[in-house]
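Peer 1: Residue numbers for the sequence shown follow the working numbering, beginning at 64 and rising by one.
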Amino acid sequence: MSGHGEAQPMTATKSGPLRGVAEVPGDKSISHRSLIFGAMAVGETRVTGLLEGQDVLDTASAMRAFGADVIRHGQGEWSVHGVGVGGFREPADVIDCGNSGTGVRLIMGTMATSAITATFTGDASLRKRPMGRVTDPLSLFGTRAYGRAGGRLPMTVVGAANPVPVRYALPVASAQVKSAVLLAGLNAPGQTVVIEKEPTRDHSERMLLGFGAELTVEKTAEGNVITLTGRPELRPQTVAVPRDPSSAAFPVCAALLVEGSDIMVPGVSQNLTRNGLYLTLVEMGADIEFMNPREEGGEPVADLRVRFSPDMKGIEVPDERAPSMIDEYPVLSVVAAFATGKTVMRGVKELRVKESDRIDAMARGLEACGVRVEEDEDTLIVHGLGAGGVQGGATCATHLDHRIAMSFMVCGMASKKPVSVDDASPILTSFPVFEGLMQALGADLSRG
């Protein structure tokens, strides 16, 4: 899906109370991984609750191209007949990962230690994103990559015919890079070691253990030391994908901002490497109740009850929390605009190399809505106007970024004047039911 069709503007108008149950889709990170790990297992992996956004569908297509049998049986229900570790065949065509940085980087890692060649591309947004952060460590295995200037797609990756194990310290806190190295290590002899100074989302480690890999995580003075023994035979699994905390962030934040709201969001992942937004919201004074905590598919989950919270206060978000909420800063910046006082978000430079430069996109859009914002390379500061205090009335650029689009739709639901985005079509990549789900809760969203 590397092409991009006609822009689809969308407008959010001040809403009445949001009420009801928000059944958000399955977790995108786990959905990607369930297909990839299933393709590397021997036998049939069954997946329920799979997110059927375009990003994940592109990963499903890629796994088929590498030789796995990937079948959709019904809404969210899929099976993957894997080819085993090192069993990928060389694809006959270019692998198009659409908008998905997670998809392309994890797939590159998966094929990097097999003696095959694959060419990757994506949409205009993905082709701007740097791949060197993945291809540099993969080169240590013996993999070669040839892309555009700056290590950008389209890129041809030549897998290592005789891979060697690697010891690699992550220079940036990135679950994508960590996962790519671990996936490459699966088909390398001996032990591959990844060291991360700051913990990042640990879905790959959890899933590797679930599929039968030999993996240990040791906490040391230099950080988490993750050791993977190569060339296991992965066992097929039944994977129940929990609901995505990043998608849940949008109805949750909308309910906090729209007067009179009271919603339930069931079965949301509470993985400690993903729940930074929810900790931050509670510290700001959000009325969120975490109910019925339990485990599903190897992941902790809870049902969230969320009520309108007019007295939220700006805070300084701890720098070390950034890896656990990096995708949620755009919508947090919207919440900050409706809080009292300033919210300081530091250690967020990773936002500048996401689907868009998210710091710049949110700063410009919030300023157009009447909110004062400060920024530097690694910092975003929002000066809140209090509940109901945001003027709105702007059309904001999404830069082909789904989270920017949804964040400004949340802004419009609580602003004095409507807020529009120039193109809402990227929302389909991660949250295809966003519009219908929010409208069912009572949000006033319109096309055009």
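Glycine included, C-beta positions come from ideal geometry on N, C-alpha and C. What you are looking at is a predicted structure, and each value in this text was computed from that prediction instead of being measured.
What span of residues does the alpha helix (DSSP H) with E346 cover, start to end?
Peer 2: 339-347
Peer 1: Compare the C-alpha of A238 against each of I444, R196, L203, R415 and name the closest.
Peer 2: R196
Peer 1: Buried or exposed: M354, going by 16 or more other Cβ atoms within 10 Å of its Cβ?
Peer 2: exposed
Peer 1: At the level of alpha carbons, what is the spacing between L491 and K260?
Peer 2: 34 angstroms
Peer 1: Would T74 and R510 be called neighbours here (beta carbons separated by less than 9 angstroms)?
Peer 2: Going by C-beta atoms, T74 is nearer than 9 angstroms to R510.
Peer 1: Could you check what DSSP says for M270 in three-state terms: helix, strand or coil?
Peer 2: helix
Peer 1: In the DSSP assignment, find the unbroken alpha helix (DSSP H) run with E430 in it and report its ends.
Peer 2: 421-431
Peer 1: How is the beta strand (DSSP E) around D132 delimited, first residue to last?
Peer 2: Looking at the DSSP string, the run of the beta strand (DSSP E) that includes D132 is 132-137.
Peer 1: Whose C-beta lies closer than 6 angstroms to the C-beta of L320 among residues of the same chain, with five residues either side of it excluded?
Peer 2: F401, A477
Peer 1: If I follow the unbroken beta strand (DSSP E) through K405, where does it start and stop?
Peer 2: 403-409
Peer 1: Per DSSP, what kind of secondary structure is P495 in: helix, strand or coil?
Peer 2: Residue state, collapsed to three classes: coil.
Peer 1: Please classify L249: does DSSP put it in a helix, a strand, or coil?
Peer 2: Reduced to three states, the DSSP call for L249 is coil.
Peer 1: Should Q300 be labelled buried (16 or more other beta-carbon atoms within 10 Å of its own) or exposed?
Peer 2: buried
Peer 1: At which residues does the beta strand (DSSP E) containing T122 begin and terminate?
Peer 2: From DSSP, T122 is part of no beta strand (DSSP E) but of the alpha helix (DSSP H) over 117-128.
Peer 1: Consult DSSP for K412 and reduce its assignment to one of helix, strand or coil.
Peer 2: The DSSP-derived three-state label of K412 is helix.
Peer 1: Count the other CB atoms, across all protein chains shown, that sit within 10 Å of the CB of R9; report buried if there are 16 or more and exposed otherwise.
Peer 2: A query on residue 9 cannot be resolved here, the shown segment of the chain reaching from 64 to 511 and no further.
Peer 1: Helix, strand or coil: which one does DSSP assign to I179?
Peer 2: coil
Peer 1: Between F471, A311, G273, L169, which has its C-alpha nearest L201's C-alpha?
Peer 2: Check the Cα spacing between L201 and each of F471, A311, G273, L169: the tightest is with L169.
Peer 1: My understanding is that A251 touches V280, with C-beta atoms under 8 angstroms, so please give their C-beta distance in whole angstroms.
Peer 2: Not confirmed; about 19 angstroms, so no contact.
Peer 1: List the DSSP bridge partners of P295.
Peer 2: Answer is none; P295 lacks a bridge partner.
Peer 1: Could you tell me which of W141, A349, D325, G166 sits nearest to Q117, measuring between CA atoms?
Peer 2: G166
Peer 1: Can you tell which of G89, M218, P314 has its C-alpha closest to the C-alpha of S78?
Peer 2: P314
Peer 1: Is there contact between the stretch 330-347 and the stretch 383-403, where contact requires at least three CB pairs shorter than 8 angstroms?
Peer 2: yes
Peer 1: Taking E498 as the reference, give the member of S310, M126, L429, G330 with the closest Cα.
Peer 2: S310
Peer 1: Around the Cβ of R306, are there at least 16 other Cβ atoms within 10 angstroms (buried) or fewer (exposed)?
Peer 2: So R306 ends up on the buried side.
Peer 1: By the DSSP assignment, the alpha helix (DSSP H) with R196 in it spans what residues?
Peer 2: 195-202
Peer 1: In the structure shown, what three-state DSSP assignment does A365 receive?
Peer 2: strand
Peer 1: In this structure, does DSSP put A450 in helix, strand or coil?
Peer 2: Here A450 sits in coil by DSSP.
Peer 1: For G68, count the other beta carbons within 10 Å of its own beta carbon; 16 or more makes it buried, fewer makes it exposed. Which is it?
Peer 2: The residue is exposed, with fewer than 16 neighbouring Cβ atoms inside 10 Å.
Peer 1: Considering only heavy atoms of the ligand ATP, does any lie closer than 8 angstroms to the CB of M476?
Peer 2: Because no ligand of any kind appears in the structure shown, any question about the ligand ATP cannot be addressed here.
Peer 1: May I ask you to report which of helix, strand or coil DSSP gives I351?
Peer 2: It is a strand residue.
Peer 1: Which residue's Cα is closest to the Cα of V288: I378, A232, A212?
Peer 2: A232
Peer 1: Looking only at its own chain, which residues have a Cβ that is under 7 angstroms from the Cβ of G361, when we skip the five neighbours before and after it?
Peer 2: R269, G273
Peer 1: Within 10 angstroms of the Cβ of Y209, are there 16 or more other Cβ atoms? Answer buried if so, exposed if not.
Peer 2: exposed
Peer 1: Kindly indicate the opening and closing residues of the alpha helix (DSSP H) around V315.
Peer 2: Start and end: 308-320.
Peer 1: Let me know if P234 comes out buried or exposed under the rule of 16 or more other beta-carbons within 10 Å of its beta-carbon.
Peer 2: exposed
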